[in-house]
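Notes follow the structure.
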Ligand SMILES: [Fe+3]
C-alpha cells in the first residue's frame, strides 16, 4: 500500500527503479578504503586473486578521461570476470584464492588498479569468446553506469574469433576495448584506459 | 559444459535517464556520443554475476545510528531525525530477490558527507559515518536504521540544492540487474527543482525513487519509517533448453 511500484503496461510487469548518478561521494559507500573509513569485517575491493589462485596473475590498471581529456578522478570501477578456466564463479568469498568480482576507484593517483588473473575463454553459442573482463563505470555526471569489456592485446587469435568483439566493425572502435600489455619487471600489467567521449570514445554496451 | 544463466527483460533506455542531460552540467563532458553497442543475445558474461550470501556482514553494518559512534564512557548517538528505511528488492515480475547486496551512503542530518571533498559549512557529526549495507532476506526484504539526511547545496546552477536523499546500490543476481539510484523522501519540495532528478523525463520514473512515509512500521517515541521498494530487471523463465 505504501509502495512506489509503477506498472510498465497492463500485463502487470513493473518498471525498473530509475537510475541516478553515484555522485562524487561514492567512496563513502562503495570504496571505504579510499574514503578513509576503517574497513569492515569483509570488504569488496581490488584484489581478486590472492597467492595460490590458479592461472596467470596480472594487474589491470587504467584511467578514465572525460570529453575535455581530463582525468575523471571520482570514477568507481567494477569488474566481473571468469576464472582461468573460463567459468564464472558466482559465490563471492574473500577467503578463497579467487573471486570474480572487484571494485576500484581512480581517486588516489587517477588510476584504478586490479590484481587478478587472466580469465579463460567463456563458451557462448558453441563458440568461445576471447578472454575478457566485464567493466562497469560509475561517476558523478554519469546518470546510469556505463558497461564495457576489456580484452587483451596478446590474445589476437582469440580476439579475431570472438563473436562479441567482431560485432564492432570499425577497427578503431574495436581497439578501444583492447587492454595493452605494459613492460614491467613484475607480473604482467595491462592498461585499459576508458574514454567517456571524444575521438577515442570507448565502446559501451547495452545488454 | 556451460551453466545455465537467466535472461533478463531488456532495460528500457527511454525510461532510464539519457547520458547527455545538459541541465546537469557534469553530464556534458561525461556522456558518450556514440550509440551503445547492443548485445542482442546476452552471453554468460552479462547474465551471470556475483552472489554475496557469503559476505560477512557485521552486526551494525545496517545500523548507522550505531556503526560509527565514538567509543567512550557514555557513547553518543548521531544528531538528527531517527528513521528506519526499509523495503523489498523485487524483480519486474514481482518476484523477491533474496540474498542480494544492498548498500547505501548518505550525508548527515546537516547535509554534510564524511568525505574529504565535501567542504560544506554544515559540521561533521562525530557519531555519524553515513554508510550501511545488508543482504536481502528470503522475501527480498532489507532494513537500515539511520538519521534523515539534510539537503545540501552544490555547484550546478547558482543556488542549486539537492533534496534530502540516500544513495542506494543493488548488486545481484547478475551484472544485468546492477543498479545505483538515490532514494528521496515523500513531500520534499526540493525534488522537482533538482537537475539530477530531472535527468528523468517521465514523472513516473521519478516516483520510483520516492520513499513513502510508513506509519505502520514507525515506532512510537523512537523513529519514523520510510518504505522504499526497489525493482530490478525481470528474470525471464526459460522454457526450452538451448
Ligand atoms: Fe548525495
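Residue numbers (the working numbering), protein chains in the order written: chain A, 268 to 474; chain B, 814 to 1055. Ideal Cβ positions, reconstructed from N, Cα and C, are used throughout, including at glycine.
Worksheet entry | Where residue 452 of chain A falls, given that 16 or more other Cβ within 10 Å makes a residue buried | exposed
Practice prompt. Could you tell me the distance, in whole angstroms, from the CA atom of residue 919 of chain B to the CA atom of residue 984 of chain B?
Written response: About 18 Å.
Worksheet entry | Cβ-Cβ distance between residue 398 of chain A and residue 425 of chain A below 8 Å | Yes, the Cβ-Cβ distance between residue 398 of chain A and residue 425 of chain A is below 8 Å.
Fill in: Contacts of residue 928 of chain B in chain A (Cβ-Cβ under 7 Å)
292, 294, 295 and 302, listed in chain order.
Worksheet item: Apart from the five residues just before and just after residue 361 of chain A, which ones in its own chain have a Cβ nearer than 7 Å to its Cβ?
Response: A distance below 7 Å between beta-carbons, with the five flanking residues on each side excluded, links residue 361 of chain A to the following residues of its chain, in chain order: 309.
Worksheet item: Does residue 827 of chain B have its Cβ less than 8 Å from a Cβ in chain A?
Response: So, not an interface residue.
Item to complete: Given a cut-off of 8 Å, decide if residue 419 of chain A and residue 395 of chain A are closer than it, judged by their beta-carbon atoms.
Response: no
Practice prompt. Kindly give me the distance between the Cβ atoms of residue 298 of chain A and residue 991 of chain B, rounded to whole angstroms, as I take these residues to be in contact under 8 Å.
Written response: With a Cβ gap of about 16 Å, residue 298 of chain A and residue 991 of chain B do not count as contacting.
Worksheet item: When you check each C-beta in the segment 908-933 of chain B against every C-beta of chain A, which residues fall closer than 9 Å?
Response: 914, 916, 917, 918, 919, 920, 926, 927, 928, 929, 930 and 931
Worksheet item: Going along the chain, which residues of the segment 958-985 of chain B sit with their C-beta nearer than 7 Å to a C-beta in chain A?
Response: 980 and 982
Discussion item. Suppose you measure from the CA of residue 907 of chain B to the CA of residue 323 of chain A; what does that come to, to the nearest Å?
Written reply: 42 Å
Worksheet item: Nearest chain A C-beta to residue 877 of chain B closer than 8 Å, yes or no?
Response: no
Worksheet item: Out of B:899, B:1027 and B:1014, which has the shortest C-alpha to C-alpha gap to residue 979 of chain B?
Response: Checking every option, the nearest Cα to that of residue 979 of chain B belongs to B:899.
Fill in: Inter-residue Cα distance where the pair is residue 381 of chain A and residue 375 of chain A
14 Å
Worksheet item: Does ligand 1 have a heavy atom nearer than 7 Å to the CB of residue 893 of chain B?
Response: No; taking the cut-off as 7 Å, the Cβ of residue 893 of chain B has no heavy atom of ligand 1 nearer than that.
Discussion item. Within a Cβ cutoff of 8 Å, which residues of the same chain sit near residue 1024 of chain B, ignoring the five residues on either side of it in sequence?
Written reply: 898, 900, 996, 997, 998, 999, 1039, 1040 and 1041
Discussion item. For the alpha helix (DSSP H) containing residue 860 of chain B, name the first residue and the last one.
Written reply: 857-860
Fill in: residue 412 of chain A classed as buried or exposed, judged by whether at least 16 other C-beta atoms fall within 10 angstroms
By the neighbour-count rule (16 or more Cβ atoms within 10 Å), residue 412 of chain A is buried.
Discussion item. Which runs of the beta strand (DSSP E) at least 3 residues long sit entirely within the segment 432-459 of chain A? Give them in chain order.
Written reply: 445-449 and 456-458
Worksheet item: Would you call the segment 458-468 of chain A and the segment 442-449 of chain A touching, i.e. three or more CB-CB distances under 8 Å?
Response: yes
Item to complete: On the DSSP bridge assignment, give the partners of residue 895 of chain B in chain order.
Response: B:960
Worksheet item: Within 7 Å: the Cβ of residue 978 of chain B and any heavy atom of ligand 1?
Response: yes
Discussion item. With a threshold of 6 Å on Cβ separation, who are the neighbours of residue 268 of chain A within its own chain once the five nearest residues in sequence on each side are excluded?
Written reply: The predicted model places residue 268 of chain A with a pLDDT of 46, which falls under 50 and marks its position as unreliable; any figure quoted below should be read in that light. There are no such residues.
Item to complete: Report yes or no: do the segment 1013-1023 of chain B and the segment 835-853 of chain B share at least 3 C-beta pairs separated by less than 8 Å?
Response: no
Worksheet item: Curious, which full-length beta strand (DSSP E) runs of at least 3 residues does the segment 280-366 of chain A contain?
Response: 324-329 and 343-348
Discussion item. Under 7 Å, CB to CB, which of the residues in the segment 988-1012 of chain B have a partner in chain A?
Written reply: Those residues of the segment 988-1012 of chain B placed with their C-beta closer than 7 Å to a C-beta in chain A are 988, 989, 991, 992, 993, 994, 995, 1009 and 1012, ordered along the chain.
Worksheet item: Exposed or buried, residue 872 of chain B, counting other C-beta atoms within 10 Å across all chains shown (16 or more means buried)?
Response: exposed
Discussion item. Can you confirm whether residue 898 of chain B, when its beta carbon is compared against all beta carbons of chain A, has any partner nearer than 8 Å?
Written reply: no
Worksheet entry | Own chain residues within Cβ distance below 8 Å of residue 377 of chain A, not counting five before or after | Take residue 377 of chain A, set aside five residues on each side of it, and the residues of its chain with a beta-carbon closer than 8 Å to its own are 330, 338 and 340, in chain order.
Item to complete: Report all residues from its chain with a CB closer than 6 Å to the CB of residue 926 of chain B; omit the five preceding and five following residues, and keep chain order.
Response: Hits under 6 Å: 920.
Worksheet item: At a cut-off of 7 Å, is residue 920 of chain B close to ligand 1 when judged by its beta-carbon and the heavy atoms of the ligand?
Response: yes
Item to complete: Please report the Cβ distance between residue 934 of chain B and residue 976 of chain B, rounded to the nearest whole angstrom; I am assuming they are in contact, meaning their Cβ atoms lie under 8 Å.
Response: Rounded, the Cβ-Cβ distance is 18 Å, inconsistent with contact.
Fill in: Selection from B:882, B:827 and B:888 that minimises the alpha carbon distance to residue 305 of chain A
B:882
Discussion item. Could you check whether the Cβ of residue 290 of chain A sits closer than 7 Å to any heavy atom belonging to ligand 1?
Written reply: yes
Discussion item. Just verifying my parser: in three-state terms, what is the DSSP assignment at residue 268 of chain A?
Written reply: Bear in mind that the predicted position of residue 268 of chain A carries a pLDDT of just 46, short of 50, making it unreliable; the figure below should be weighed with that in mind. Three-state DSSP puts residue 268 of chain A in coil, outside helix and strand.
Fill in: Other residues of its chain near residue 870 of chain B: CB distance less than 8 Å, five sequence neighbours each side excluded
946, 947 and 948
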